[in-house]
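Okay, so here's the structure we're looking at.
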Amino acid sequence: MATSSESSRELLRHTVATVAYRGGKALRGAPAEFSAFQVADGSRTPGQILSHICDLFDWALSVAQGKETWKGTQPREWNEDVSRFFASLAAFDEYLASSAPLAVPPETLFQAPIADALTHIGQISMLRRIAGSPVRAENFSKADVAVGRVGPDQTPPNHEFD
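Below, the structure is given as structure tokens:
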């Protein structure tokens, strides 16, 4: 039987895999000009949002390790930041999969960087629709999300709808 701490870590890992799945769907196939798309003066561009998501997972890893460091970065070329997104998820997931201790309760990692990232992935999806490049809706309860699968190679959606 798994301890409460082990169960919490597994739930965090499942959530990170969910971020990879949903984030990958929102990022995949975006047109080249999408990174700089802006709906209003002062609003973040998708490139800025994606860069921020990457920063969130770098921060999450530092918090988990007990070495909290925030480093806000500027957006890079879209595909470079997409690669960074998956690399930051992989580094965080690798730490969660290890036996290394968490410096904070798992709930803290969920409520701050992970929940924030899910919000921002939703923003990117919404901006895709506004920019004329919508992401198809999906019944995510049927998605093939697997703990540890946090890279760009996600299972194709099997329950999309319009």
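In this note's numbering, the protein residues as written are -15 to 146.
Note that the Cβ used here is the ideal one computed from N, Cα and C, for glycine as well.
Output the distance between the C-alpha atoms of residue i and residue j, rounded to the nearest integer angstrom.
i, j, result
"Ala130", "Asp100", "21 Å"
"Tyr5", "Ile98", "14 Å"
"Ala139", "Thr2", "Before going further, note that residue 139 is Thr rather than Ala in the sequence given. C-alpha separation (whole angstroms): 12 Å."
"Val47", "Leu93", "8 Å"
"Ser83", "Arg28", "38 Å"
"Arg113", "Ala20", "15 Å"
"Pro15", "Glu144", "21 Å"
"Ile37", "Leu102", "9 Å"
"Gln107", "Val119", "12 Å"
"Pro85", "Pro141", "35 Å"
"Glu78", "Glu17", "33 Å"
"Ala24", "Ser(-12)", "45 Å"
"Ser67", "Gly26", "26 Å"
"Asp65", "Ala96", "21 Å"
"Phe196", "Gly116", "No statement about residue 196 is possible, as the shown extent of the chain runs from -15 to 146 and does not include it."
Here's the rule I'm using: 16 or more other beta-carbon atoms within 10 Å means buried, otherwise exposed. How should residue i be labelled?
i, result
"Trp62", "buried"
"Trp43", "buried"
"Ser125", "exposed"
"Ser(-9)", "exposed"
"Ala10", "buried"
"Val0", "buried"
"Ala121", "exposed"
"Gly8", "buried"
Which of the three DSSP states is assigned to residue i in this structure?
i, result
"Glu61", "coil"
"Leu(-4)", "helix"
"Ala115", "coil"
With distances taken between CB atoms, is the gap from residue i to residue j smaller than 8 Å?
i, j, result
"Phe70", "Gly135", "yes"
"Pro90", "Arg(-7)", "yes"
"Ser35", "Thr53", "no"
"Pro30", "Leu80", "no"
"Gln32", "Pro59", "yes"
"Phe151", "Leu(-5)", "The chain is shown from -15 up to 146; residue 151 falls before or after that span and cannot be answered."
For the stretch 2 to 70, which segments carrying the beta strand (DSSP E) assignment without a break, of at least 3 residues, lie completely within its bounds, in sequence order? none
Identify every run of the alpha helix (DSSP H) within the stretch 70 to 131, keeping only runs that are complete inside it and at least 4 residues long; order them along the chain. 90 to 93 and 99 to 114
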